[in-house]
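A.B. asks: Sharing a structure below in structure tokens format, with a few things to ask.
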Amino acid sequence: MSLAHTFSFNGGGIYNSRNDFGLSTNTIVLFAFVLGMSIVLSYAYMWAARAFTKQFIWITGILNIVFGFVTAIYMLSRRYWSGGIVFLIFSVFYVFCFISWIPRIPFSVLMLRTAIDVAKKFGHVYIVSLIGGLLAAAFGAWYSVTLVAIYVKYEPGNNPACSTGAGGCGKGKVIGLLVFVTFAMYWISEWLKNTIHVTISGVYGSWYFCPNNFPKRATRGALKRSLTYSFGSISLGSLIVAIIQFLRQICSAAQQSAAQDGNIVGTIIFCCLQCLIGVLNWAVEFLNRYAFSHIALYGKSYVEAAKDTWKMIKDRGIDALVNECLIGPVLSMGATFIAYACALLAYLYLIFTDPAYNSDGAYTPVVVAFAFLVGLQVCQIFTTPLGSGVDTIFVAMAWDPEVLMREHPDLYHQMVQVYPHVQQAIHA
């Protein structure tokens, strides 16, 4: 409401804003560009996975590394030290990761090709991916407008909105509302991603157990189960991840604030804390991937599925296959590449449009971080079906390996050919 009442003050486009204290309509236009770029690049990335399956892993790794270095070098050349150093560290880390992954590429290509072949022939995997990606973009647009509206209404300073409606302006209100909407964004986007994951896992489960008698309306049935019987389990698992990701975001913001204040000790402490939370986030997301596939296949609750997943990884030898497969890390790399592109777009946009509220560059880290986050979440939701297919095959292999050898003998022999240890892994 306040955004509408002060529309002329905040500007109707990119350059005509008189707002010099916080985010304005200029930022809404920026996030619209970011959302458009994330949708186009995510769709192109899915198309590349389908068209260039064998080269897909190489393309992802090389593009991610090159674009990360380009972004870091450009930011450093503009003396944006905090952003440039972060991107540079990530890029160097990805170089070491990619080199260590090269021996595992053949097995990963086989699993990715299998998942894509199933997606082409069975169910509506790509339709679910497209609809999920568009829903994610729509939610991202809603979140972006809400984010700007909070600054427009409650940011103190030369703000005419402080005298409209109930309540006054204050930094505390801005921070509190930002905390709330960011946490809600994490939770809802995680729920959407995991709902897609469980739905697609149901489709791949139907293919795994009934390849010659694929059930009709398998996708619709899997979606119905995701939104009814499994709704509570998906929401609980998503909530846990959302809390961890939110804490990680808070540490990142605190680290940037300490760096701007020249507090070296605080910067190091928050950086270490952020790394620890990142490891915890990776562990929980890793467990959730297979737990949600287990829920789709066997209909158990989240807690029971998590226990079975831990047992599967610890006792049934499937951890060797999971570690050998690169699909999850590669898709994360692709999402990071698109997030890099969105962050660079946001940074260039702020430089060339030079909005009044960012004359001293104080809002650059905030806007770039949110652009990175939006691009990352949209791409992860777009690419969820590919990772879901591979995860489901692993879970089904762990609990019912005889089905693989009976119903999919060609796939089993190809797996043995590129990774002989699979014979011991699925019979452990």
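Taking my numbering, I'd label the letters of the sequence shown as residues 30 to 457.
Virtual Cβ for every residue (Gly too), placed ideally from N, Cα, C.
Residue 337: buried (16+ other C-beta within 10 angstroms of its C-beta) or exposed?
C.D. replies: So residue 337 ends up on the buried side.
A.B. asks: Whose C-alpha, out of 368, 420, 429, 452, is nearest the C-alpha of residue 96?
C.D. replies: When each option's Cα is compared against that of residue 96, the closest is 368.
A.B. asks: Helix, strand or coil, according to DSSP, for residue 437 in the structure here?
C.D. replies: The answer is coil: DSSP assigns residue 437 none of H, G, I, E or B.
A.B. asks: Given a threshold of 16 other Cβ atoms within 10 Å of its Cβ, counted over all protein chains shown, does residue 390 qualify as buried or as exposed?
C.D. replies: Residue 390 should be labelled exposed.
A.B. asks: Curious, which full-length alpha helix (DSSP H) runs of at least 4 residues does the segment 180-262 contain?
C.D. replies: Correct list: 200-238, 247-256.
A.B. asks: Span of the alpha helix (DSSP H) holding residue 293?
C.D. replies: Residue 293 -> alpha helix (DSSP H) spans 293-327.
A.B. asks: DSSP state of residue 267, grouped into three classes?
C.D. replies: The answer is helix: DSSP assigns residue 267 an H, G or I state.
A.B. asks: Which term fits residue 201, buried or exposed, when burial requires 16 or more other beta carbons within 10 angstroms of its beta carbon?
C.D. replies: Residue 201 is exposed by the Cβ-count criterion.
A.B. asks: Under the rule that 16 or more other beta-carbon atoms within 10 Å means buried, what is residue 51, buried or exposed?
C.D. replies: For residue 51, the predicted model reports a pLDDT of 49, less than 50, meaning its position is unreliable; a value from the coordinates is still stated below. With 16 or more other Cβ atoms within 10 Å, it is buried.
A.B. asks: Please report how far the alpha carbon of residue 180 lies from the alpha carbon of residue 403, in whole angstroms.
C.D. replies: Taking the straight line from one Cα to the other gives about 18 Å.
A.B. asks: Pick helix, strand or coil for residue 337, following the three-state DSSP scheme.
C.D. replies: Of the three classes helix, strand and coil, the one that applies to residue 337 here is helix, per DSSP.
A.B. asks: Once you ignore the five residues that flank residue 247 on each side, which residues in its own chain have a CB closer than 6 Å to its CB?
C.D. replies: 152, 232, 235.
A.B. asks: Whole-angstrom Cβ separation of residue 241 and residue 270, contact assumed at under 8 Å?
C.D. replies: Incorrect: roughly 37 Å between the Cβ atoms, too far for contact.
A.B. asks: DSSP state of residue 447, grouped into three classes?
C.D. replies: Note: residue 447 maps to helix in three-state DSSP.
A.B. asks: Nearest by alpha-carbon distance to residue 419: which of 136, 198, 109 is it?
C.D. replies: Cα-wise, what sits closest to residue 419 is 136.
A.B. asks: Hey, how far is the Cα of residue 85 from the Cα of residue 134?
C.D. replies: Cα to Cα, the separation comes out at about 10 Å.
A.B. asks: Rounded to whole angstroms, what is the Cα-Cα separation between residue 428 and residue 326?
C.D. replies: The straight-line gap from Cα to Cα measures roughly 10 Å.
A.B. asks: Please say whether residue 331 and residue 416 have beta carbons closer to each other than 9 Å?
C.D. replies: Not in contact: residue 416 and residue 331 (Cβ atoms no closer than 9 Å).
A.B. asks: How should residue 184 be labelled, buried or exposed, when 16 other C-beta atoms within 10 angstroms of its C-beta is the threshold for buried?
C.D. replies: By the 10 Å Cβ count, residue 184 comes out buried.
A.B. asks: If you follow the alpha helix (DSSP H) that residue 405 is part of, which residue opens it and which one closes it?
C.D. replies: From DSSP, the alpha helix (DSSP H) with residue 405 extends over 393-428.
A.B. asks: Please determine if the segment 306-323 and the segment 214-234 are in contact, where contact requires at least 3 C-beta pairs separated by less than 8 Å.
C.D. replies: The segment 306-323 is in contact with the segment 214-234.
A.B. asks: In its own chain, which residues sit with a C-beta less than 7 Å from the C-beta of residue 434, not counting the 5 before and 5 after it?
C.D. replies: Contacts found: 441.
A.B. asks: For residue 69, count neighbouring C-beta atoms within 10 Å of its own C-beta (all shown protein chains included) and say buried if the count is 16 or more, exposed if not.
C.D. replies: Classification for residue 69: exposed.
A.B. asks: Since residue 132 is in the alpha helix (DSSP H), which residue starts that stretch and which ends it?
C.D. replies: Unbroken run through residue 132: none, as it is neither H nor E.
A.B. asks: Since residue 237 and residue 396 should fall inside the 8 Å C-beta cutoff, what is the C-beta to C-beta distance between them, to a whole number of angstroms?
C.D. replies: About 44 Å; that fails the 8 Å criterion.
A.B. asks: Under the assumption that residue 90 contacts residue 362 (Cβ atoms under 8 Å), give the Cβ distance between them as a whole number of angstroms.
C.D. replies: Yes, they are in contact, since the Cβ atoms of residue 90 and residue 362 sit about 6 Å apart, within 8 Å.
A.B. asks: Determine the DSSP secondary structure at residue 109, reduced to helix, strand or coil.
C.D. replies: Residue state, collapsed to three classes: coil.
A.B. asks: Skipping 5 residues on each side, what residues in its chain have a beta carbon closer than 6 Å to that of residue 37?
C.D. replies: Note that residue 37 scores a pLDDT of 49, beneath 50, so its modelled location is shaky; the value from the coordinates is reported in the next line. Taken in chain order, the list of residues that qualify is empty.
A.B. asks: What did DSSP end up calling residue 354 once you bin it into helix, strand or coil?
C.D. replies: Coil at residue 354, not helix or strand.
A.B. asks: Helix, strand or coil: how does DSSP classify residue 452 here?
C.D. replies: Reduced to three states, the DSSP call for residue 452 is helix.
A.B. asks: Judging by CA-CA distance, which residue of 55, 421, 227, 138 is the nearest neighbour of residue 173?
C.D. replies: For the residues 55, 421, 227, 138, the minimum Cα distance to residue 173 belongs to 55.
A.B. asks: Are residue 382 and residue 93 closer than 9 Å when you measure CB to CB?
C.D. replies: No, these two residues do not count as a Cβ contact at 9 Å.
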